[in-house]
Amino acid sequence: MTNTIYKESKEQKKLSFFDYAIEVVGWLQIVASPLISGIIVGGLAYLLIGNTGGIVVGTIIAIVALVLGVLYANRVWKKKGTMNFMSSVNASPELDYLEQGVDQDKRHTTEASQNGS
Numbered sequence: 025m026t027n028t029i030y031k032e033s034k035e036q037k038k039l040s041f042f043d044y045a046i047e048v049v050g051w052l053q054i055v056a057s058p059l060i061s062g063i064i065v066g067g068l069a070y071l072l073i074g075n076t077g078g079i080v081v082g083t084i085i086a087i088v089a090l091v092l093g094v095l096y097a098n099r100v101w102k103k104k105g106t107m108n109f110m111s112s113v114n115a116s117p118e119l120d121y122l123e124q125g126v127d128q129d130k131r132h133t134t135e136a137s138q139n140g141s
């Protein structure tokens with residue numbers, strides 16, 4: 025990982041320590057998702073296979089998930105930044121209407137009337 029984020033215009037922006045620390049936290053969150061999934065699938069493989077073979081298969085699945093998570097997190101960091109990615113993933117669509125000045129209750133009644141309810 026480098027200490028820069030590549031923007032769409034290929035300009036490099038130097039990150040402060042705080043910004044870098046925030047990007048690292050986002051990177052860890054991105055890596056954690058496939059890693060946890062791989063650990064669960066690897067644990068299930070161990071329970072189904074059992075013995076030494078199950079340990080080997082489960083460990084291989086977890087390691088592959090870790091490697092894929094690291095590769096994906098690095099690509100996201102270089103492309104648009106991890107916190108930009110995480111904020112778009114965690115964005116709540118209900119909040120999009122607040123910027124347009126549409127009341128939530130009116131939006132739901134309008135959608136219900138359009139659906140014929």
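All residue numbers for the sequence shown refer to my numbering, where the first residue is 25 and numbers rise by one. Even glycine gets a Cβ: it sits at the ideal position worked out from N, Cα and C.
Other residues of its chain near residue i: CB distance less than 8 Å, five sequence neighbours each side excluded
{"i": "residue 110", "result": "50, 53 and 54"}
{"i": "residue 33", "result": "Because residue 33 carries a pLDDT of 46, less than 50, the predicted location of this residue cannot be relied on, and the following value inherits that uncertainty. Hits under 8 Å: none found."}
{"i": "residue 70", "result": "78, 79, 81 and 82"}
Residue range of the unbroken alpha helix (DSSP H) whose run includes residue i
{"i": "residue 104", "result": "Looking at the DSSP string, residue 104 is not in any alpha helix (DSSP H), and its letter there is neither H nor E."}
7 Å CB neighbourhood of residue i in its chain, flanking five on each side removed
{"i": "residue 67", "result": "82"}
Validate contact between the segment 96–113 and the segment 36–48 using beta carbons, cut 8 Å, 3 pairs: Between the segment 96–113 and the segment 36–48, the count of C-beta pairs closer than 8 Å reaches three or more; the two stretches touch.
Start-end ranges of the alpha helix (DSSP H) lying completely within the segment 46–117, minimum 4 residues: You should have 75–103 and 106–113.
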